[in-house]
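To start, the structure under review is shown below, and the notes come after it.
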Amino acid sequence: MVTKPLIQFLYFEGCPNATASLDNLRSAMLELQLPSDILQIINADIESATQYNFQGSPTILVNGIDIYTNTIPDSVHFTCRIYEFENKKTGIIPKDYIKQKLHHYLNC
């Protein structure tokens, strides 16, 4: 029996990088022919951020694992999140990176 993956997209309202990162996540899932179910979690305040060990906006978790740090979050960072890909800093998670991580974690 195949278990359906839990894909979570965590962000806060007004994040300038959330929409582009979510679009990249959706595109990656479509290209990998994965179910399009994404649990979107808006962290409106420090209380909700604490509940999810929010790592910053935006964050993608696959079955509870942060695709950037490859760990289960255990602290809270209620801030914009900056990533580094190919020696460039950005707040947007690239589609190809997301595809690579989904493939790795879900063997698809």
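In terms of this note's numbering, the sequence shown opens at residue 395 and continues consecutively.
Beta carbons: idealized from backbone N, C-alpha and C, even for Gly.
Bear in mind the structure is a predicted one, so any value in this text is a computation, not a measurement.
Requested in this report: Please name the residue, chosen from Ser-421, Tyr-477, Asp-460, that lies closest to Ser-469 on a Cα-to-Cα basis.
Outcome: Asp-460
Query - Straight-line Cα distance separating Val-456 from Leu-500 - result: 8 angstroms
Requested in this report: Round the Cβ separation of Leu-428 and Gln-402 to the nearest angstrom and send it over; I've been treating them as touching at under 8 angstroms.
Outcome: For a cut-off of 8 angstroms, the C-beta gap from Leu-428 to Gln-402 is around 14 angstroms, too long to register as a contact.
Requested in this report: Would you mind sorting His-497 into buried or exposed? The rule is 16 or more other CB atoms within 10 Å of its CB.
Outcome: exposed
Requested in this report: Measure the alpha-carbon distance for Gly-450 versus Ile-476 and round it to whole angstroms.
Outcome: 8 angstroms
Query - Where the alpha helix (DSSP H) through Leu-404 begins and ends - result: For Leu-404, no alpha helix (DSSP H) run applies; the uninterrupted beta strand (DSSP E) run containing it begins and ends at 401 to 405, by DSSP.
Query raised in the report: Expressed to the nearest angstrom, what Euclidean distance is found between the alpha-carbon atoms of Ser-442 and Cys-474?
Result: Computed Cα separation, rounded: 15 angstroms.
Query - Which of helix, strand or coil DSSP assigns to Gln-434 - result: Strand, per DSSP.
Query - Inter-residue Cα distance where the pair is Ala-422 and Lys-493 - result: 5 angstroms
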